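*Asks:* Mind having a look at this structure? Questions to follow.
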Amino acid sequence: MSKSLNVVACLLNIWIFGVSLKINLFLKNQRGSLMKKEMKHVFNLVAISGENMR
1 MSKSLNVVAC LLNIWIFGVS LKINLFLKNQ RGSLMKKEMK HVFNLVAISG
51 ENMR
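Residue 1 is where the sequence shown starts when you use this note's numbering, and the numbers rise one by one after that.
Right, dumping it as structure tokens:
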């Protein structure tokens, strides 16, 4: 049960990452660089949940 929950969380993280990537490309200003930091954080979360699934 918890394995499928991990998969859902991972997919959600990837989706959020994709959305922030689009927003970042859309803005391309000082707020954009803040989003890059946010995206790095999300990417780390995705990597962590990927490790947890193994």
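Glycine is no exception: its CB is placed at the ideal position from the N, C-alpha and C atoms.
All of these numbers come straight from a predicted model, not from anything done at the bench.
Could you give the distance in angstroms between the alpha-carbon of residue 46 and the alpha-carbon of residue 22?
*Replies:* One-based indexing of the sequence shown puts residue 46 at position 46. One-based indexing of the sequence shown puts residue 22 at position 22. If you take the alpha carbons of residue 46 and residue 22, they lie about 17 Å apart.
*Asks:* Less than 8 Å between C-beta atoms, sequence neighbours within five positions excluded: which residues of the same chain meet that for residue 17?
*Replies:* Within the sequence shown, numbered from 1, the residue matching residue 17 stands at position 17. For residue 17, where only same-chain residues beyond five positions count, the Cβ hits under 8 Å are 39, 42, 43 and 46.
*Asks:* Taking the continuous alpha helix (DSSP H) assigned at residue 22, which residues delimit it?
*Replies:* On the sequence shown, residue 22 is found 22 positions in, with the first residue counted as 1. First-last of the alpha helix (DSSP H) with residue 22: 2 to 27.
*Asks:* In angstroms with no decimal places, state the Cα-to-Cα distance between residue 4 and residue 15.
*Replies:* One-based indexing of the sequence shown puts residue 4 at position 4. One-based indexing of the sequence shown puts residue 15 at position 15. The alpha-carbon atoms of residue 4 and residue 15 are separated by roughly 16 Å.
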